[in-house]
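In what follows, a single structure is set out as structure tokens and then discussed.
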Amino acid sequence: MSLKARLRQHYKYFLNNFQTRWSDNDQYGHVNNAIYYHYYDTIINQYLTTKCSLVPTKSASIGLCVHSSSDYFKPVEFPNTLDLALAVTKLGKSSVTYEIGVFESGKDEVCAVGKFVHVFVDSEGRKPMGIQGIIRDGLEELVVERGDGAML
């Protein structure tokens, strides 16, 4: 399935009615490309803190971004509300690949699709460590599969 063909049902977790801000717009009158990364970071960290009990300043492990990318299909602008959608397309021993869909609230056509890869590390020494416990359990809930049973 192409990224542009992503629909809401592809995703497992939503942050709905996310309000754009005037400062999100660029000189062309639409949300600037870099702002989408704020959206991606927001939904991922909101999920990790509320659903996986991650406390960035106190947890034994934290996720560090090692890769990110974004594909844009339809511009959005202020004022608007967005629905941010999250799925996990790959869950490894110490890394996780997220896919984030950005939708205008109430619409099914994806405006942008982001990819974000976290490697979980020891919060003190910053050495890779396995994704364990409630964090792994929470991430497993977001895994999406292709029709043949393999992850996307």
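In this text, residue positions in the sequence shown follow the working numbering: the first is 18, and each later residue adds one.
Glycine is no exception: its CB is placed at the ideal position from the N, C-alpha and C atoms.
Since we're looking at a predicted model, the values are computed, not measured.
query	result
Validate contact between the segment 42 to 53 and the segment 61 to 80 using beta carbons, cut 8 Å, 3 pairs	no
Beta-carbon proximity check, proline 92 vs glutamine 36, cutoff 9 Å	no
Cβ-based burial, glutamate 158 [other Cβ within 10 Å; buried from 16]	exposed
Alpha-carbon spacing of glutamate 141 relative to proline 73, whole angstroms	11 Å
Inter-residue spacing [alpha-carbon to alpha-carbon] between alanine 104 and threonine 114	9 Å
Top-ranked residue by Cα proximity to aspartate 88, from Lys132, Lys107, Ser122, Leu156	Lys132
Proximity of valine 130 and serine 111 at Cβ, strictly below 9 Å	no
As assigned by DSSP and simplified to three states, the class of histidine 27	helix
Proximal residues to lysine 29 (C-beta, below 6 Å), its chain only, five neighbours per side dropped	Ala104, Leu159
Isoleucine 151: first and last residue of the uninterrupted alpha helix (DSSP H) it sits in	150 to 157
Unbroken beta strand (DSSP E) run spanning aspartate 41, endpoints	From DSSP, aspartate 41 is part of no beta strand (DSSP E); its letter is neither H nor E.
Three-way DSSP call (helix, strand, coil) for histidine 84 in this model	strand
Cβ-based burial, aspartate 165 [other Cβ within 10 Å; buried from 16]	Confidence at aspartate 165 is low in this model, with a pLDDT of 41, below 50, so the placement of that residue should be treated as unreliable; the coordinate-derived value is given next. By the neighbour-count rule (16 or more Cβ atoms within 10 Å), aspartate 165 is not buried but exposed.
At least 3 beta-carbon pairs within less than 8 Å: the segment 121 to 129 vs the segment 144 to 154	no
Beta-carbon proximity check, methionine 146 vs valine 138, cutoff 9 Å	yes
Check whether histidine 27 and glutamate 116 have beta carbons under 9 Å apart	yes
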